[in-house]
Each structure stands twice: as C-alpha cells, then as structure tokens.
Amino acid sequence: QIRVLPVSERFLGYARTVHERLVAVGLRATLDTSDERVNAKIRAGADLRIPYLVVVGGRDEEAGTVSVRKRGIGDLGAQPLEEFVASVEVEVRERRAFESGTADAD
Numbered sequence: 385q386i387r388v389l390p391v392s393e394r395f396l397g398y399a400r401t402v403h404e405r406l407v408a409v410g411l412r413a414t415l416d417t418s419d420e421r422v423n424a425k426i427r428a429g430a431d432l433r434i435p436y437l438v439v440v441g442g443r444d445e446e447a448g449t450v451s452v453r454k455r456g457i458g459d460l461g462a463q464p465l466e467e468f469v470a471s472v473e474v475e476v477r478e479r480r481a482f483e484s485g486t487a488d489a490d
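Per the working numbering, the very first residue in the sequence shown carries number 385; after that it's consecutive.
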C-alpha cells in the first residue's frame, strides 16, 4: 500500500496525478488531503505501518519525481515517478508469486 502526501495544499494537484497513476496500474494507494504538516502526515503513515509514503512538493512536480520513504528502511530520496511505479509493480508481482507458491525455485 502507498500513501501520497502533498507537502502543502498547493501541490495537491500533482499529488492527485501521482495517486491516479498508481491506481491506474493496479496499486493500492491513498491520497492524504488533510491540512496536517507533512511531518505529521509521515508520522501518521508510519504509525499505520504503510509500506510506502510518497511525499510530493514543488521540486518533485517540476522534475516529475516523487520522494519515497519505505517502512523499515527510511528515506529513499527522489525517484522519477515512472521508475517508482515500475519498481513497486515488480515488488508486488514477486510477492504475489511467492505467496501463491509460483516463485521460481533456485
């Protein structure tokens, strides 16, 4: 699961674009539209044990990137949106294959 966190209301449009892209490829994603400060949004996401927190702001919007935090690892930095989407799709596909017992045996 992924939660998209705009740093302020000003970046809600880009956050919606990111959220829609994630949902379009079948990923479970939510958009945090609360008025909380971004640090409070990050803390709330961590408390809920959400695997990926995607923070978006001005630099991300300009560059077409997302700033990624992964549960258990921390800040992964800025990544191009499509690169992040592709990496999570692969991770989800591998996890589903493993859980269904169809993963390749070495």
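Each residue gets a CB set at the ideal place from its N, CA and C atoms; glycine is no exception.
- Annotation for Leu460: Val452, Lys454 place their beta carbon closer than 6 angstroms to its own, counting only its chain and skipping 5 residues before and after.
- Arg433 sits in coil when the DSSP states are folded into three classes, being neither helix nor strand.
- Look at Thr414 here: in three-state DSSP terms it is strand.
- Residues Thr449, Val450, Val452 of the same chain have their beta carbon placed closer than 7 angstroms to that of Gln463, with the five preceding and five following residues left out of the count.
- Following the DSSP letters along the chain, one finds Gly397 inside the alpha helix (DSSP H) bounded by residues 396-408.
- Judged by DSSP secondary structure, Val474 falls within the alpha helix (DSSP H) whose first and last residues are 465-484.
- Cβ atoms of Val476 and Leu411 come within 8 angstroms of each other, at about 7 angstroms.
- Taking all protein chains in view, the Cβ of Phe468 is crowded by 16 or more other Cβ atoms within 10 Å, so the residue is classified as buried.
- If you draw a straight line from the Cα of Glu478 to the Cα of Ser392, it comes to about 34 angstroms.
- Contact check for Glu446 and Phe395: beta-carbon distance about 11 angstroms, past the 8 angstroms limit, so the pair fails to qualify.
- As computed with DSSP, Val450 is found in a beta bridge with Gln463.
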